[in-house]
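Single-structure report; data block below.
Residue numbers (my numbering): 28 to 415.
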């Protein structure tokens, strides 16, 4: 990229700090103030200012959305009260009788929404291996209106070819959206590959400190943005100003955090791969990963900070390992400065039907790590004493 003094044309890391975070013209404050107002005085009856009611728009939320749209390379972004609220907004583009093709390496909350909520509206769902483009194409019918994937699958860390999936979706005249929570715009920007909608659980890496809840959507088509904004405004699942401020602050260090966390995750995955009790390790940075070459081509600056591995152990033994760590907190969520550990079969993916967990490789021995910013040596030693 050609370097520029225009904040909108600068590098990713610079834009994360400056775009949407302009100096406050009223006071000169280098950090924009938090606007907690729920309503805004209008110039006259039937005359509307830039803001009128905080559900429809808020200056602090606008700042976050401006930053994220810049980082994703989109024309606009929307901030929601949670990641699930963001995905729900996307599904509200659909009508009864429509069909969704979704990845089988899918967050448990998204699985629950699609199978236990959307089905009530007569929307059908087919789960497919998103790394198999031909299988995705075969699953699409004349009723398919949405393809939903993840840039890095949860919990098995599969890597789909976004460009090829986007081509298939376009040829079949259906929308394609991706959950980029694991990837983050620091590593991959799906809009550049032709993806229509990029979603984040902003609770995770965008916020980065386990202190706020939020979700986002980014698009590069004004008409699609208008449709999603209309649904958000009509249904009201907007992000509060304080959480917007916290996520905006988190974005300023996103690039640095993700790169450092990814480097530690690679070292931990290499160590785990050599451990006698570990049956397998799923990490895109390992040459043993099925899509390692694709990951190396499409991810910039690292392979992500999520590591999944499988023990040669039953459910109780695996749970015991997760409960014995000292630095890795036993908790759902991910993407923050502190490291987390969990057992997907009983925690993040417990909402999967048991038959689907078995079918899609979410075994009782599977453990998912979210690698934080602690030192590699301390994290390795913690896992060593827990695994035994």
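Think of the CB as a built atom: it goes at the ideal place given N, C-alpha and C, for glycine as much as any other residue. Remember, it's a predicted structure, so these values are computed and weren't measured experimentally.
Do the region 228-248 and the region 103-115 touch if we need at least three Cβ pairs shorter than 8 Å?
Verdict: yes, contact present.
Cβ of residue 128 within 8 Å of Cβ of residue 160?
Here residue 128 is taken as the residue at index 101 of the chain shown, counted from 1. Here residue 160 is taken as the residue at index 133 of the chain shown, counted from 1. For residue 128 and residue 160, no; Cβs fall outside 8 Å.
In whole angstroms, what separates the C-alpha of residue 260 from that of residue 247?
What you label residue 260 is simply residue 233 of the chain shown in a count that begins at 1. What you label residue 247 is simply residue 220 of the chain shown in a count that begins at 1. If you draw a straight line from the Cα of residue 260 to the Cα of residue 247, it is about 19 Å long.
Under 8 Å by Cβ, that's how I've got residue 226 and residue 113 pegged, so tell me the actual separation to the nearest angstrom.
To locate residue 226, count along the chain shown from 1; it is residue 199. To locate residue 113, count along the chain shown from 1; it is residue 86. About 5 Å separates the CB atoms of residue 226 and residue 113; that is less than 8 Å, so the two are in contact.
Are the Cβ atoms of residue 337 and residue 212 separated by less than 8 Å?
By one-based count along the chain shown, residue 337 stands at place 310. By one-based count along the chain shown, residue 212 stands at place 185. In this structure, residue 212 does not lie closer than 8 Å to residue 337 by Cβ.
Measuring CB to CB, does residue 111 end up less than 8 Å from residue 130?
In the chain shown, the residue the question calls residue 111 occupies position 84. In the chain shown, the residue the question calls residue 130 occupies position 103. No, Cβ-Cβ distance for residue 111 and residue 130 is not below 8 Å.
State yes or no: is the C-beta of residue 401 within less than 8 Å of the C-beta of residue 354?
Within the chain shown, the letter at position 374 stands for residue 401. Within the chain shown, the letter at position 327 stands for residue 354. Their beta carbons are under 8 Å apart, which means residue 401 touches residue 354 by this criterion.
Start-end ranges of the alpha helix (DSSP H) lying completely within the region 269-329, minimum 4 residues:
Segments of the alpha helix (DSSP H) lying fully in the region 269-329: 281-300, 319-325.
If you reduce the DSSP assignment to three classes, tell me which class residue 397 lands in.
Start at 1 with the first residue of the chain shown, and residue 397 comes out as number 370. Strand.
Complete alpha helix (DSSP H) runs within the region 31-91 (minimum length 4 residues, chain order)
Correct list: 39-45.
Within the region 148-232, note down every full alpha helix (DSSP H) run reaching 4 residues or more, in order along the chain.
You should have 160-166, 189-198, 211-214.
Could you check where the alpha helix (DSSP H) with residue 344 kicks off and where it finishes?
Here residue 344 refers to the residue found at position 317 of the chain shown. For residue 344, the enclosing alpha helix (DSSP H) starts and ends at 342-351.
Taking the CB atoms as reference points, tell me whether residue 220 and residue 255 lie closer together than 8 Å.
Here residue 220 refers to the residue found at position 193 of the chain shown. Here residue 255 refers to the residue found at position 228 of the chain shown. Going by C-beta atoms, residue 220 is not nearer than 8 Å to residue 255.
Bridge partners - residue 103, DSSP secondary structure assignment:
Mapped onto the chain shown, residue 103 falls at position 76. Beta-bridge annotation (DSSP): residue 103 is paired with 246.
Can you check which of these residues, 81, 69, 76, is closest to residue 61 by C-alpha distance?
Indexing the chain shown from 1 puts residue 61 at position 34. Closest option to residue 61, Cα to Cα, is 81.
Assign residue 119 to one of three DSSP states: helix, strand, or coil.
For the purposes of this step, residue 119 is taken as residue 92 along the chain shown, with counting starting at 1. Correct three-state label for residue 119: coil.
For residue 126, which beta-bridge partners are listed by DSSP?
Within the chain shown, the letter at position 99 stands for residue 126. As a beta-bridge residue in DSSP terms, residue 126 pairs with 151, 171.
In or out: residue 257 buried (at least 16 other Cβ within 10 Å) or exposed?
Position 230 of the chain shown, counting from 1, holds the residue named residue 257. Note on residue 257: under 16 other CB atoms within 10 angstroms of its CB, so exposed under the neighbour-count rule.
To the nearest angstrom, report how far apart residue 140 and residue 389 are at their CA atoms.
Here the question's residue 140 lines up with position 113 in the chain shown. Here the question's residue 389 lines up with position 362 in the chain shown. Rounded to whole angstroms, residue 140 to residue 389 spans 18 Å at the Cα level.
Cutoff 6 Å; reference residue 29; Cβ partners in own chain excluding five residues on either side:
The residue labelled residue 29 in the question sits at position 2 within the chain shown. Confidence at residue 29 is low in this model, with a pLDDT of 48, below 50, so its placement is unreliable and the value that follows should be read with caution. Contacts found: none.
Pairing CB atoms from the region 84-98 with CB atoms from the region 114-122, are three or more of them under 8 Å?
Not touching, per the Cβ criterion.
Can the beta-carbon of residue 398 be found closer than 8 Å to that of residue 273?
Reading the chain shown from its first residue, position 371 is the one you call residue 398. Reading the chain shown from its first residue, position 246 is the one you call residue 273. Result no, Cβ atoms of residue 398 and residue 273 do not sit closer than 8 Å.
What residues are listed by DSSP as bridge partners for residue 376?
Numbered from its first residue, the chain shown carries residue 376 at position 349. Paired residues: none, contrary to the question.
How many angstroms separate the CA atom of residue 249 from the CA atom of residue 205?
For the purposes of this step, residue 249 is taken as the residue at position 222 of the chain shown. For the purposes of this step, residue 205 is taken as the residue at position 178 of the chain shown. Straight through space, the alpha carbons of residue 205 and residue 249 are spaced by roughly 18 Å.
Skipping 5 residues on each side, what residues in its chain have a beta carbon closer than 7 Å to that of residue 379?
Translated into the one-based positions of the chain shown, residue 379 becomes position 352. Excluding positions up to five away in sequence, the list reads 135, 138, 389.
Just mark residue 361 as buried or exposed, buried being the case when its beta carbon has 16 or more other beta carbons within 10 Å.
The residue you call residue 361 lines up with position 334 of the chain shown. Looking at its Cβ environment, which holds 16 or more other Cβ atoms inside 10 Å, residue 361 is buried.
I want to know whether the region 304-319 touches the region 184-198 - three or more CB-CB distances under 8 Å.
Short answer: they touch.
Straight-line Cα distance separating residue 307 from residue 300
What you label residue 300 is simply residue 273 of the chain shown in a count that begins at 1. What you label residue 307 is simply residue 280 of the chain shown in a count that begins at 1. Their backbone Cα atoms lie some 7 Å apart in a straight line.
Identity of the residue in 290, 392, 284, 101 nearest residue 218 by Cα
Taking the first residue of the chain shown as 1, we reach residue 218 at position 191. When only C-alpha atoms are compared, the closest one is 101.
Mind reading off the beta-carbon distance from residue 369 to residue 349? Whole number of angstroms is fine, and I expect it under 8 Å.
Sequence index remark: in the chain shown, residue 369 carries index 342 (1-based). Sequence index remark: in the chain shown, residue 349 carries index 322 (1-based). Right, the Cβ-Cβ distance comes to about 6 Å (below 8 Å), so this counts as a contact.
Taking residue 163 as the reference, give the member of 346, 179, 278, 194 with the closest Cα.
Sequence index remark: in the chain shown, residue 163 carries index 136 (1-based). When each option's Cα is compared against that of residue 163, the closest is 194.
Three-state class that DSSP yields for residue 410 in the structure shown:
Locating residue 410 in the chain shown gives position 383, counting from the first residue. The answer is helix: DSSP assigns residue 410 an H, G or I state.
8 Å contact criterion, which residue 170 and residue 126 should meet: CB distance rounded:
Position 143 of the chain shown, counted from the first residue, corresponds to residue 170. Position 99 of the chain shown, counted from the first residue, corresponds to residue 126. Residue 170 to residue 126, Cβ: 4 Å. Contact.
Residue environment, residue 382, which counts as buried when at least 16 other CB atoms sit within 10 Å
The residue you call residue 382 lines up with position 355 of the chain shown. Answer is exposed; the Cβ neighbour count stays below 16.
Residue 28 - DSSP class collapsed to helix/strand/coil
Residue mapping note: residue 28 aligns to position 1 of the chain shown, counting from 1. In this prediction, residue 28 has a pLDDT of 44, which is less than 50 and means its spatial position is unreliable; what the coordinates show is noted afterwards. In the structure shown, residue 28 sits in coil (DSSP, three-state: anything other than H, G, I, E or B).
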